[in-house]
Every structure is written in C-alpha cells, then in structure tokens.
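Participant: The opening residue of the sequence shown carries number -10 in the working numbering; numbering runs sequentially from there.
Beta carbons are placed, not taken as given, at the ideal position from N, Cα and C, and that holds for glycine.
After the structure tokens below, expect a handful of questions from me.
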Amino acid sequence: MTEVHAPPVPRAGRRLGGIDAARGLAILGMIIVNVGPTAPETILQRVYLLPFGRASVLFVTIAGLGMGYFMRSRAGKELWTAITWRVGLLFLTGAALQTLTETVNVILQTYSVLFLLAPLLWRLSSRALLALGLGIMVAGPLWIVTHDVTQPWGHAMEGISFTTAPGDALHSLVLTGPYPLASWTVPFIAGLLLSRVDLADVRRLHRMIGWGALAAVLAFLVADLSYAVLGPEADQGFARYFTGVGHGQMPLWLISSIGGAVFSIAVCQRLAQLAPWTIGWLARCGRLAFTIYVLHVLVLAVIKPADGFSFERGVLVALALNLGAVTLGVLWARTGRQGPLEWLLRHSWFRTPPTRPATPQPATPNGGQS
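As structure tokens, then:
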C-alpha cells in the first residue's frame, strides 16, 4: 500500500465552521425527509423535497470527512479503542431507535459499520481509495439489482432493530436495507478523500463548487432521460440500474447526490470564510447533530402515524422540528459545552488514563521520607 501523506489540517486545530454548517444542513434536510411524505405531486412539492436522497448522503459524506480528520492524530490502540466505543454506541443507539419506530429508517447502524471500516480504508493511497470508491459505485448497485431480480422475496428492506434476526440484520446491512453498505460506502469514501484536500484553499473550493454542481445536475438530467427512454419498465429488473431515483442505490443517484454533497460542503466552507455570520446558526445546529438526530426520531416515533402525514401536515411538523433543532443548537452553544450525546460519543470508557508522574514527598527532619 502507498503511504498516505498528511493532508493540510485546520489552522490552529480549530473546527472548520463550514463543515459544521454543512452537517447542520444535512440534519435539517433529514428531518424533512423523515417527517415525509416523500412523493411530490407538484413542482413546488418537488422543490421542497430536494433533500430526499441528498441530505443523508451529505450526512455520510461529512462523516467520512470528519473521520479522516479524526484519524490524523491517532494510531494504534488509541485509535481502535476510540472507534470501538463509537461503533458500539452508534449501532446500539440506532437499533434501539429502529425498535421504537417503523415509520423512520434509522441510518446510525450503517454509519457505525462505516466507522469500523474507516481505519482500513484510510491506509489506502488517495488513488487507490478513489479506484475502490468507483469500483463499489459500479459493482455494488449491480449486486443489489441482481439480488432483487433473482431473490425478489428473499429479504425485507427493513432497518436493523433489536428484534431483527442476526442473518437478516447482516443481509439488511450489506445489501437489502434502506442504507446498504453496497452503495453507502461510496459517499463515505468520498468524505475520506475530501479530508485529504485543503478546504481552506479558495481555488480548490471554487473547483469543488463547479464540479459538484455539474455532477449533481448532469447525473440528475441523465436519470430523467433514462426514465423517458425506458418508460414503464424503468424500475423493473436490470433496467433499474440505469435510473437515478432518490435512495434507489443506483450509480446515477450516487453521482448526483455525492456531487450535491461536495457542492454543499464547498459552498458552506466558502461562506464561512466570507461571511461566517450567515451560516453561524447552521454550524451551531451541526455541532449538535447526533443529539438532534436522536431527539427527532424519538419525537416522530410518538407523533408520526403509521400511514404517514398528509403533505400539508408534514410541512408543518418538519418546520416545527427544524425550528426546534436550530433553537436548541443556538441556545446550547451559549453553554460552551458539547452536546450530551456528542460528549458521550467522544468519551471512550476504554481509554487508559494518562499516567501522572509521582509527586516528591517533603523530607522529614531526619532526612527520611514521611
């Protein structure tokens, strides 16, 4: 394997406000999607549902970016103990939330396994990591489609809960669930690659904005053209591979949504450089993303009906939850503390406390030690 060169780090160890803002944007978009409904009937509804299939990809891309930063200053036992704690906490939290609700697909279980894979992926050179990401983007969706064609009733597309059988849980996690590793590894790898880029470089940010927007729009248009060409058979059989519907797990959707994620991250980071006050509220929300995510799923587990909300009611509920999330983020920032779940996530109970040097004891009058 080629050794990974140390990428530029945020100056003076500070957080990149643009990354926090992009994370905040992702969590607000995921709230809109999880509240639902997600079947637009008008152009206005389609605009409102732009986060569908994009917000969660942005969330996972930023997870890869953050994990890349995290692994720069850690190695060996320290790295693995910290990651083991995070993987366990995220997976168990996700399974608990999924046990409480069937109306929201919880992403944390896939998120946790991607964290587990991160140190192995990080050892690859950027060129090898890019090749792996492209390979999974082509082969993973093909594997999913082939499975759906050959075993259409083999496994349900359900998230992993405490009631899921181990074999079904593994199958869901890798292939048939709402966030299968066969496709969702790709945006995580994209985030790892971004962590090796100097996000303080203005010219690089401008390139990311341009290329990200081009990929997002072009893949979206090709997907729409694909539907027009394939007709009613577009979502059936192997023809599905050439479609790009949100959360469809296919390559065109991955290209479009990852392009949108790169665009969003670069725009937020550029705004953080030019006018940080414009996105400060988003950044505060992003620093509390884990806590807000868990809270909004708990709320929806209580209030969301089994058949979902009407569109109008869904908009009102999503607006209320987003306002609550932003308010919580702004108010909590005034405490100067990490969010409660953020603190728990970053605290490894397996960490060995630093050894303190023995303090010399004062000598007794006879020259001995007291």
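#1: Do you know whose CA, among V234, I247, S161, lies nearest W200's CA?
#2: Using the C-alpha atoms, what's the distance from D224 back to V163?
#3: With distances taken Cα to Cα, identify the nearest neighbour of L105 among L38, T73, P130, L317.
#4: At what residues does the alpha helix (DSSP H) containing P329 begin and finish?
#5: Identify whether P169 lies in helix, strand or coil by the three-state DSSP scheme.
#6: When you compare only the Cα positions, how much space is there between D157 and V283?
#7: Rounded to the nearest angstrom, what separates T280 and R12 at their Cα positions?
#8: Alpha carbon to alpha carbon, how far is D9 from I16?
#9: Specify, as a first and last residue, the run of the alpha helix (DSSP H) that P108 falls within.
#10: I need the straight-line Cα distance from H136 to L320, nearest angstrom please.
#11: In whole angstroms, give me the CA-to-CA distance for G303 and I198.
#12: DSSP three-state call for N94: helix, strand or coil?
#13: Just curious, the alpha helix (DSSP H) that P240 is in, first and last residue?
#14: If you measure between the beta carbons of G180 and G55, is that distance less than 9 Å?
#15: Does the segment 169 to 186 come close enough to the segment 112 to 128 that 3 or more CB-CB pairs lie under 8 Å?
#16: Going straight from the alpha carbon of L188 to that of T139, what length do you get?
#17: Near T90, which residues of its chain fall below 8 Å by C-beta distance, leaving aside the five closest residues on each side in sequence?
#18: Taking the beta carbon of L33 as the centre, do at least 16 other beta carbons fall within 10 Å, making it buried, or is it exposed?
#19: Taking the alpha carbon of F59 as the point to measure from, which residue in A202, I244, W111 has its own alpha carbon closest?
#20: Just the C-alpha distance for T152 and S101, rounded to the nearest angstrom, thanks.
#21: Quick check: the segment 22 to 37 against the segment 161 to 175, are there 3 or more CB pairs under 8 Å?
#22: List the whole-angstrom C-beta distance separating V306 from V93, where the pair is believed to meet the contact cut-off of C-beta under 8 Å.
#23: Within 8 Å, do at least three Cβ pairs link the segment 165 to 174 to the segment 205 to 219?
#24: If C274 and A314 are in contact, beta carbons under 8 Å, what's the gap, nearest whole angstrom?
#25: With a CB to CB cut of under 8 Å and the five nearest residues on each side skipped, what residues in its chain are close to A228?
#26: Could you compute how far the alpha carbon of L330 sits from the alpha carbon of G226?
#27: Which residue's Cα is closest to the Cα of L243: L14, V46, F41?
#28: Leaving out five residues before and five after I51 in sequence, what residues of the same chain have Cβ atoms less than 8 Å from its Cβ?
#29: Indicate the three-state DSSP secondary structure (helix, strand or coil) for D187 in the structure shown.
#30: Determine the contact status of S299 and P29, defining contact as a CB-CB distance below 9 Å.
#31: Less than 6 Å between C-beta atoms, sequence neighbours within five positions excluded: which residues of the same chain meet that for G53?
#32: If I measure Cβ to Cβ from P130 and keep anything under 8 Å in the same chain, skipping five residues before and after, which residues do I get?
#33: Just to confirm the assignment, what range does the alpha helix (DSSP H) spanning W132 have?
#34: Tell me whether V191 is buried or exposed, calling it buried when 16 or more other Cβ atoms sit within 10 Å of its Cβ.
#35: What did DSSP end up calling P29 once you bin it into helix, strand or coil?
#36: With a Cβ-Cβ cutoff of 9 Å, do G122 and V175 count as a contact?
Facilitator: Here's the rundown:
#1: Along the sequence shown, one-based indexing puts residue 200 at 211. Here the closest residue by C-alpha is I247.
#2: Taking the sequence shown and counting its residues from 1, one reaches residue 163 at position 174. Taking the sequence shown and counting its residues from 1, one reaches residue 224 at position 235. Whole-angstrom Cα-Cα distance: 21 Å.
#3: Position 116 of the sequence shown, counting from 1, holds the residue named residue 105. Minimum Cα distance to L105 is reached at T73.
#4: As a first step, residue 329 must be located in the sequence shown, where it is residue number 340. It spans 329 to 335 - the alpha helix (DSSP H) in which P329 sits, taken as one unbroken run.
#5: As a first step, residue 169 is located in the sequence shown; it is residue number 180 there, counting from the start. P169: coil per DSSP, three-state reduction.
#6: The residue given as residue 157 occupies position 168 in the sequence shown. The residue given as residue 283 occupies position 294 in the sequence shown. Using only the alpha carbons, I get a separation of about 24 Å.
#7: Your numbering for residue 280 matches position 291 in the sequence shown. Your numbering for residue 12 matches position 23 in the sequence shown. Inter-residue distance for T280 and R12 is about 13 Å (C-alpha atoms, whole angstroms).
#8: As a position in the sequence shown, residue 9 is number 20, starting the count at 1. As a position in the sequence shown, residue 16 is number 27, starting the count at 1. So the alpha carbons of these two residues sit roughly 11 Å apart.
#9: For this step, residue 108 is matched to residue 119 along the sequence shown. 97 to 111 is the extent of the alpha helix (DSSP H) around P108.
#10: Mapped onto the sequence shown, residue 136 falls at position 147. Mapped onto the sequence shown, residue 320 falls at position 331. Rounded to the nearest angstrom, the two C-alpha atoms are 48 Å apart.
#11: In the sequence shown, residue 303 corresponds to position 314, counting from 1. In the sequence shown, residue 198 corresponds to position 209, counting from 1. When rounded, the distance between both Cα atoms is 31 Å.
#12: One-based indexing of the sequence shown puts residue 94 at position 105. DSSP places N94 in coil when its eight states are reduced to three.
#13: Locating residue 240 in the sequence shown gives position 251, where the first residue counts as 1. Unbroken alpha helix (DSSP H) run through P240: 240 to 263.
#14: Within the sequence shown, numbered from 1, the residue matching residue 180 stands at position 191. Within the sequence shown, numbered from 1, the residue matching residue 55 stands at position 66. Closer than 9 Å, so yes.
#15: yes
#16: Translated into positions along the sequence shown, residue 188 becomes position 199. Translated into positions along the sequence shown, residue 139 becomes position 150. Distance between the alpha carbons of L188 and T139 is about 44 Å.
#17: Translated into the one-based positions of the sequence shown, residue 90 becomes position 101. V286, L289, A290, K293.
#18: Taking the sequence shown and counting its residues from 1, one reaches residue 33 at position 44. Classification for L33: exposed.
#19: To locate residue 59, count along the sequence shown from 1; it is residue 70. Among A202, I244, W111, the Cα nearest to that of F59 belongs to W111.
#20: Taking the first residue of the sequence shown as position 1, residue 152 is located at position 163. Taking the first residue of the sequence shown as position 1, residue 101 is located at position 112. So the alpha carbons of these two residues sit roughly 19 Å apart.
#21: no
#22: Sequence index remark: in the sequence shown, residue 306 carries index 317 (1-based). Sequence index remark: in the sequence shown, residue 93 carries index 104 (1-based). Contact doesn't hold; Cβ gap of about 12 Å is too wide.
#23: no
#24: Numbered from its first residue, the sequence shown carries residue 274 at position 285. Numbered from its first residue, the sequence shown carries residue 314 at position 325. Correct: roughly 6 Å between the Cβ atoms.
#25: Counted from its first residue, the sequence shown places residue 228 at position 239. L219, E222.
#26: Residue 330 sits at position 341 when you count from the first residue of the sequence shown. Residue 226 sits at position 237 when you count from the first residue of the sequence shown. Using only the alpha carbons, I get a separation of about 42 Å.
#27: As a first step, residue 243 is located in the sequence shown; it is residue number 254 there, counting from the start. Selected option, being the one with the closest Cα: V46.
#28: Counting from 1 along the sequence shown, the entry for residue 51 is found at position 62. Here the set comprises I8, A11, R12, A15, G180, A250, I254.
#29: On the sequence shown, residue 187 is found 198 positions in, with the first residue counted as 1. Three-state result, D187: coil.
#30: Translated into the one-based positions of the sequence shown, residue 299 becomes position 310. Translated into the one-based positions of the sequence shown, residue 29 becomes position 40. In this structure, P29 does not lie closer than 9 Å to S299 by Cβ.
#31: As a position in the sequence shown, residue 53 is number 64, starting the count at 1. Closer than 6 Å at Cβ, skipping near neighbours: F177, G180, L181.
#32: For the purposes of this step, residue 130 is identified with residue 141 of the sequence shown, where counting begins at 1. Closer than 8 Å at Cβ, skipping near neighbours: A171, S172, Y230, Q238, M239, P240, L243.
#33: Your numbering for residue 132 matches position 143 in the sequence shown. Segment 115 to 139, the alpha helix (DSSP H) holding W132.
#34: Within the sequence shown, the letter at position 202 stands for residue 191. Exposed: under 16 other Cβ atoms inside 10 Å.
#35: Position 40 of the sequence shown holds residue 29. Secondary structure of P29 (DSSP, three-state): coil.
#36: Counting from one through the sequence shown, the residue named residue 122 turns up at place 133. Counting from one through the sequence shown, the residue named residue 175 turns up at place 186. For G122 and V175, yes; Cβs fall inside 9 Å.
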